[in-house]
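Note that my numbering has the sequence shown beginning at 533, numbered continuously upward. To keep things clear, I will list the structure first and then write my remarks on it.
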Amino acid sequence: VGQHSHELKNFFSGGAIFTALMSPPLIRCKKLWSSLKKKGLQDFQLTSLIYSSEDYSRIRARMKEVELPYLPFLQPYLAALSKIDGQHSSETITLTELINYEKRRESSSVLKELFRFQSTNTFPFMPLREVRSFIRTISFLSEDTLLTISEFLEPLKYLPFSFIPFCPRPPLPLLS
Numbered sequence: 533v534g535q536h537s538h539e540l541k542n543f544f545s546g547g548a549i550f551t552a553l554m555s556p557p558l559i560r561c562k563k564l565w566s567s568l569k570k571k572g573l574q575d576f577q578l579t580s581l582i583y584s585s586e587d588y589s590r591i592r593a594r595m596k597e598v599e600l601p602y603l604p605f606l607q608p609y610l611a612a613l614s615k616i617d618g619q620h621s622s623e624t625i626t627l628t629e630l631i632n633y634e635k636r637r638e639s640s641s642v643l644k645e646l647f648r649f650q651s652t653n654t655f656p657f658m659p660l661r662e663v664r665s666f667i668r669t670i671s672f673l674s675e676d677t678l679l680t681i682s683e684f685l686e687p688l689k690y691l692p693f694s695f696i697p698f699c700p701r702p703p704l705p706l707l708s
C-alpha cells in the first residue's frame, strides 16, 4: 500500500505507512521481517532509502522531481520549521521591539514551498462513504499497547534495529 501510495504521488500516506512500519512494535519483530517476500522487502528497502534520510533530503528531492499535484510528506517541512525555531530561539534579544528577520526569512521559505501544494487541489479521487465509515469504526491502540502485543507475539531476544535485513550490524543479544 505504501509503495502504491508513493506511485500515486501520495507521499503523505507513503510516509505515514513507512513511519508506522519503522515503529518499535513492528521493527523489532524478526519473524515478521523474515516472512516478507523478496519483492516486498526490496520495495520496502527502496522506499526506506527515500523516506529515511536524516535530513529528509531524499524525499524532498523526490517531491521536487514530481509534477504537481501531489500530497506532500509533511515531516520534512515540520522538521525544518522546528530546526529554524530552535536555532533562532536561543538568541537573546534585549530590546523587545526587534524582529529576527533571518528567522522570518527562513520560515517564509519553508512555508512558501508548502503553500505551493494548496494551489493545486485537482486529485481525481472521490470520497467513498464505506471507507470513511470503516475508518471511523477502527479503535486505535497506543504505542505501549502495540509494543506489549508485539512482545507477547515475539518475545524480545535481540536489540531493536539490529536484525533489519538492510541494517549492516548483526543481531546482538540483550545485556542482562
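Each residue gets a CB set at the ideal place from its N, CA and C atoms; glycine is no exception.
Within a Cβ cutoff of 6 Å, which residues of the same chain sit near residue i, ignoring the five residues on either side of it in sequence?
| i | result |
| --- | --- |
| K619 | One point to set straight first is that residue 619 is Gln, not Lys, in the sequence displayed. Answer for Q619: no residue qualifies. |
| P557 | L678, L679, S682 |
| L646 | Y609 |
Tell me, to the nearest whole angstrom, how far the beta carbon of residue i is from that of residue j; I am working on the premise that it is less than 8 Å.
| i | j | result |
| --- | --- | --- |
| A611 | Y583 | Not confirmed; about 12 Å, so no contact. |
| L603 | F543 | 6 Å |
Please list, in chain order, all residues of the same chain as residue i whose beta carbon is under 7 Å from its beta carbon, the five residues on each side excluded.
| i | result |
| --- | --- |
| S537 | S545, G546, I549 |
| Q574 | none |
| P700 | Residue confidence for P700 is low, a pLDDT of 39 falling below 50, so the modelled location carries little weight; the figure read from the coordinates is stated next. Result list for P700: empty, nothing under 7 Å. |
| F655 | P601 |
| Q535 | D575, T579 |
| L581 | R590 |
DSSP three-state call for residue i: helix, strand or coil?
| i | result |
| --- | --- |
| L603 | strand |
| H538 | helix |
Which term fits residue i, buried or exposed, when burial requires 16 or more other beta carbons within 10 angstroms of its beta carbon?
| i | result |
| --- | --- |
| F576 | buried |
| P608 | buried |
| S671 | exposed |
| I631 | exposed |
| I667 | exposed |
| E539 | exposed |
| R592 | buried |
| F684 | exposed |
Original post:
Does the pairing of the segment 673-686 with the segment 638-649 give three or more beta-carbon distances under 8 Å?
Top reply: no
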